[in-house]
Amino acid sequence: MPLLFLLFFVAVPATELYIMIEVGSEIGAFATIWLVILTAVIGGWLVRQQGISTIFRMRQQLDQGEAPAFDMLQGILLAVAGISLLLPGFVTDTIGFLLLIPPLRHLLVLRWLKNSQIITPAGEKPDVTIIREEILYSREGDIIEGEFKRNGQDDSKPQS
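And the structure:
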């Protein structure tokens, strides 16, 4: 965790600063500043468009009684894209624009779901996954939790 903190708060800004200085020495300081502002504006507009599209897809899924989990994860990636596009710099802008590519976002969500063992390849059962609300599957066999009632028996009498 400390390494991640060091990477995010020291290495990324240092890299951004170095690249901005290099680009500024080639195209000029004002052109570099305008380029950073332009990428933020264009990126913000694209994130807004794709975010609205994702919200509409989620709403359709909810109306059909489905859980929009996949689109919610894509929405999180769109939020990360928006934040990285608003941060000044070319590295974060590149990450943000890459996250705006729908097939790449789709691939990242699928890869994350596969690595987190929430979904598994067809035919395989995960170690432990909650399917629906009450059914648990494990590699040892199927375990189904639930309540039952025998026909013709009174519930008020204790069983012996």
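In my numbering, the protein residues as written are 7 to 166.
Ideal Cβ placement from N, Cα and C applies to all residues, glycine included.
With S90 as the anchor, note down where its alpha helix (DSSP H) starts and where it stops. Working through the sequence shown from its first residue, we reach residue 90 at position 84. According to the DSSP assignment, S90 belongs to the alpha helix (DSSP H) that extends over 75-92.
Which residue marks the beginning of the alpha helix (DSSP H) containing S59, and which one marks its end? Locating residue 59 in the sequence shown gives position 53, where the first residue counts as 1. Membership of S59 in the alpha helix (DSSP H) is indicated by the continuous run 35-69.
Output the distance between the C-alpha atoms of S122 and L116, rounded to the nearest integer angstrom. The residue labelled residue 122 in the question sits at position 116 within the sequence shown. The residue labelled residue 116 in the question sits at position 110 within the sequence shown. Approximately 10 Å between the Cα atoms of the pair.
Using alpha carbons as the reference points, say which of F96, L113, F76, G102 lies closest to L41. What you label residue 41 is simply residue 35 of the sequence shown in a count that begins at 1. Checking every option, the nearest Cα to that of L41 belongs to F96.
Simplified DSSP assignment, three categories, for I101: Counted from its first residue, the sequence shown places residue 101 at position 95. Here I101 sits in helix by DSSP.
Under a Cβ-count criterion, where at least 16 other Cβ atoms within 10 Å of its own Cβ denotes burial, should G71 be classed as buried or exposed? Indexing the sequence shown from 1 puts residue 71 at position 65. With a threshold of 16 other beta carbon atoms within 10 Å, G71 falls short and is exposed.
Distance, Cα to Cα, P94 vs V18? Numbered from 1 along the sequence shown, position 88 holds the residue referred to as residue 94. Numbered from 1 along the sequence shown, position 12 holds the residue referred to as residue 18. Between P94 and V18, the C-alpha separation is close to 11 Å.
L5 vs G102 beta-carbon contact at 8 Å: No answer is possible for residue 5: the residues shown for the chain start at 7 and end at 166.
Under 8 Å between C-beta atoms of A87 and L106: Residue numbering aside, residue 87 sits at position 81 when the sequence shown is read from its first letter. Residue numbering aside, residue 106 sits at position 100 when the sequence shown is read from its first letter. With contacts defined by Cβ atoms closer than 8 Å, A87 and L106 form a contacting pair.
According to the Cβ coordinates, are Q56 and L84 closer than 8 Å? For the purposes of this step, residue 56 is taken as the residue at position 50 of the sequence shown. For the purposes of this step, residue 84 is taken as the residue at position 78 of the sequence shown. Going by C-beta atoms, Q56 is nearer than 8 Å to L84.
Just verifying my parser: in three-state terms, what is the DSSP assignment at M7? What you label residue 7 is simply residue 1 of the sequence shown in a count that begins at 1. In this structure, M7 counts as coil in the three-state DSSP scheme.
Hey, how far is the Cα of R63 from the Cα of D77? For the purposes of this step, residue 63 is taken as the residue at position 57 of the sequence shown. For the purposes of this step, residue 77 is taken as the residue at position 71 of the sequence shown. Near 7 Å, if we compare the C-alpha coordinates of D77 and R63.
Thinking C-alpha only, which one of Q80, Y24, P74 is nearest V53? Taking the first residue of the sequence shown as 1, we reach residue 53 at position 47. Of the candidates Q80, Y24, P74, the one whose C-alpha sits nearest the C-alpha of V53 is Q80.
Label G34 either buried or exposed according to how many other C-beta atoms from any shown protein chain fall within 10 Å of its C-beta, with 16 as the threshold for buried. Along the sequence shown, one-based indexing puts residue 34 at 28. Under this definition G34 is an exposed residue.
Looking only at C-alpha atoms, which of I89, W118, P8 sits nearest to W51? For this step, residue 51 is matched to residue 45 along the sequence shown. Per the Cα distances, I89.
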